[in-house]
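Numbering (the UniProt record's numbering), first residue to last: 1 to 257.
Have a look at the structure below before the remarks.
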Amino acid sequence: MALLLAFWLLPLAHLVLLGADSRGAGDSGYWQVLSSPQYLESLLQTVLLAALTTLAALLVGGISGVFLARQQFFGRSLLVALLTFPLAFPGVVVGFLVILLAGRQGLFAQLGLQLAGERWIFAYSLAGLFLGYLYFSIPRVILTVMAACESLDRSLEEAARSLGAGLWPVVRDVIVPGLAPALVSCGAICFATSMGAFGTAFTLGTRLNVTPVAIYNVFTNYANFSVAAALSVVLGGVTWIVLLLARRLVKQSGSVR
């Protein structure tokens, strides 16, 4: 146990202390990060992108997961396997797939030439990065929701229908509350994954200055270890707060039930 704690805490403690180093520029890495509009804007863009990705993934993946869990049809197992296959891809491969779809020579570019006489290119923009993040976030939600649906009490839905409730009231008052803990937990994981995603953003080379790429640039191009460490700690701190809030929400929903 002591070895595990040392393996976990010592690098983290060194990272936190390194961010407070004021050698060279005169200011600590934390002050340089918190007083820089560029770094603050990068953090804000990263948080907003992660939040949008999480909400979209929960919506699309949640609906798909419930449908796949409740419906039996030919090819269902194959469809589930295909939908969850992106989990095996690293971020670099996901970025490459986005380029194949929406890059200068991608499918949308060729379709745009045929329909409008101009190339539709969005792989190297916020839309392309959003698409890439969705690509590896939705499968996580689908698998989580499908597993959570197995534990739902179907008798509650039948009782609601017997009392005259339609489809939407059943979904709103029975299914969604039953899936809420799983959705919150999975949403937190999607948010954390999107906050720290590097490979996809680096492959696309977007003009969007997300924090993981900013950390890489500060570390490799300027060898500013203090700022890179401070950015890493701030990024991890924001993600940790969201995970903590999600855990509290799951506990509260469990106590209410």
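Don't be surprised by glycine CBs; every beta carbon is placed ideally from N, CA and C.
In the same chain as alanine 228, and ignoring 5 residues on each side of it, the C-beta atoms closer than 6 Å to its own belong to Ile215, Val218 and Phe219, in chain order. Take phenylalanine 7, set aside five residues on each side of it, and no residue of its chain has a beta-carbon closer than 8 Å to its own.
Between threonine 193 and glycine 65, the C-beta gap is not smaller than 9 Å, which leaves the two residues out of contact.
For the set Ser22, Leu3, Tyr39 and Phe202, the Cα lying nearest the Cα of serine 232 is the one of Tyr39. Take the alpha-carbon of arginine 207 and the one of leucine 107: they are about 22 Å apart. Secondary structure note for tyrosine 39: its alpha helix (DSSP H) is the uninterrupted segment 37 to 70.
DSSP places glutamine 105 in the coil class of the three-state scheme, outside both helix and strand. Shown here for glycine 178: same chain residues with a beta carbon closer than 7 Å to its own, the five before and five after excluded, namely Leu152 in chain order. A straight line joining the alpha-carbon of proline 90 with that of leucine 59 spans about 23 Å. Straight-line spacing of the CA atoms in isoleucine 63 and valine 238 works out to 28 Å. One alpha carbon belongs to alanine 102, the other to valine 33, and they sit about 33 Å apart. Taking a C-beta distance under 9 Å as the contact criterion, threonine 211 and threonine 46 qualify as a contact pair. Taking each of Pro86, Val92 and Val174 in turn and checking the Cα distance to proline 139, the smallest one comes out for Pro86.
The C-beta distance from valine 250 to valine 184 rounds to 5 Å, short enough to fall under 8 Å.
Under the three-state reduction of DSSP, leucine 208 is assigned to coil, being neither helix nor strand. Contact check for leucine 245 against alanine 188 passes: the beta carbons are separated by less than 9 Å. If one requires a minimum length of 4 residues, the alpha helix (DSSP H) runs lying completely within the region 146 to 202 are 154 to 162, 167 to 170 and 176 to 196, in chain order.
Per DSSP, arginine 76 is one residue of the alpha helix (DSSP H) stretching across 76 to 84.
Going by DSSP, glycine 117 is part of no alpha helix (DSSP H) at all; its letter is neither H nor E. Close CB contacts of phenylalanine 122 within its chain, under the 6 Å cut and outside five residues either way in sequence, are with Ala102 and Gly128 (chain order).
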